[in-house]
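For what it's worth, our numbering labels the leading residue of the sequence shown as 4, then goes sequentially. Backbone N, C-alpha and C fix where the C-beta goes; we use that ideal spot for every residue, glycine too. Just so you know, these numbers come straight off a predicted model, no measurement behind them.
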Amino acid sequence: MKAKPSLEQALCIVALLGIQDRQIPLQSRLVAERLGISTSYLKKIVQKLAGAQIVRTVSGRDGGIVLTKDPQQITLLDVFDAIEGQQSFITNTGLVNKVFGLDHKAEFMRTFQLKNFRDQRPVANVLAVFDQAEALYRKQLASLTIGAVLPTDGRQALQLDWTRWLKR
């Protein structure tokens with residue numbers, strides 16, 4: 004599985020917003036400039052994050068992007084699912100059974116005159132390994148929140164207005 008580049012960008016956006024004073028929307032233009040991406044590309048990422056109810060946009064002169072909830076309630080899995088989707092890494096299409104004829108074991112044994120054929124279904128088991136790996140991957144992402152990775156002032160996550168820093 005290869006993650007889209009927008010996943011890293013989305014994580015950075017959510018982290019920026021996790022530090023941003025929630026009373027002050029962060030201007031999209033400044034976020035796009037900081038990430039080195041176009042505002043139209045940023046808009047696509049923000050739409051996915053908004054669709055997952057991680058962020059919302061505020062229109063108007065003082066508008067921008069804000070988090071919809073506390074960063075301690077947003078997991079890496081939430082951001083991953085918003086960008087990558089929730090579909091499985093690998094889908095069992097039945098091709099293994101078709102190619103190896105595992106659904107016709109008796110016929111296979113008669114054709115090749117096999118008496119002690121042990122079908123351990125090793126090829127099909129590979130798909131189960133991928134399923135297990137995906138479950139562990141998703142569990143690990145769900146175990147860490149954005150709030151847990153934010154910089155702190157020694158006691159709590161920073162809360163500041165990024166605007167002044169991003170405009171310099």
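Can you tell me the Cα-Cα spacing of residue i and residue j, whole angstroms?
| i | j | result |
| --- | --- | --- |
| residue 24 | residue 141 | 30 Å |
| residue 154 | residue 99 | 48 Å |
| residue 37 | residue 31 | 10 Å |
| residue 89 | residue 167 | 37 Å |
| residue 136 | residue 7 | 19 Å |
| residue 11 | residue 61 | 23 Å |
| residue 50 | residue 17 | 13 Å |
| residue 57 | residue 75 | 12 Å |
| residue 134 | residue 171 | 47 Å |
| residue 19 | residue 70 | 10 Å |
| residue 157 | residue 151 | 13 Å |
| residue 102 | residue 46 | 44 Å |
| residue 33 | residue 65 | 12 Å |
| residue 130 | residue 95 | 7 Å |
| residue 112 | residue 118 | 7 Å |
| residue 143 | residue 5 | 17 Å |
| residue 41 | residue 108 | 57 Å |
| residue 132 | residue 84 | 21 Å |
| residue 39 | residue 91 | 31 Å |
Would you mind working out which of the options sits nearest residue i, comparing C-alpha positions?
| i | options | result |
| --- | --- | --- |
| residue 14 | 42, 65, 71 and 77 | 77 |
| residue 97 | 84, 128, 38 and 75 | 128 |
| residue 138 | 158, 115 and 93 | 93 |
| residue 63 | 29, 42 and 116 | 29 |
| residue 52 | 34, 86, 43 and 40 | 86 |
| residue 80 | 149, 5 and 171 | 149 |
| residue 82 | 108, 44, 91 and 48 | 48 |
| residue 43 | 55, 9 and 73 | 9 |
| residue 159 | 40, 39 and 73 | 73 |
Quick one: measure Cβ to Cβ for residue i and residue j, integer angstroms, because I've assumed they're closer than 8 Å.
| i | j | result |
| --- | --- | --- |
| residue 161 | residue 22 | 5 Å |
| residue 164 | residue 68 | That pair is no contact at about 13 Å. |
Around the Cβ of residue i, are there at least 16 other Cβ atoms within 10 angstroms (buried) or fewer (exposed)?
| i | result |
| --- | --- |
| residue 146 | exposed |
| residue 1 | A query on residue 1 cannot be resolved here, the shown segment of the chain reaching from 4 to 171 and no further. |
Identify every run of the beta strand (DSSP E) within the stretch 49 to 98, keeping only runs that are complete inside it and at least 3 residues long; order them along the chain. 58 to 61 and 67 to 70
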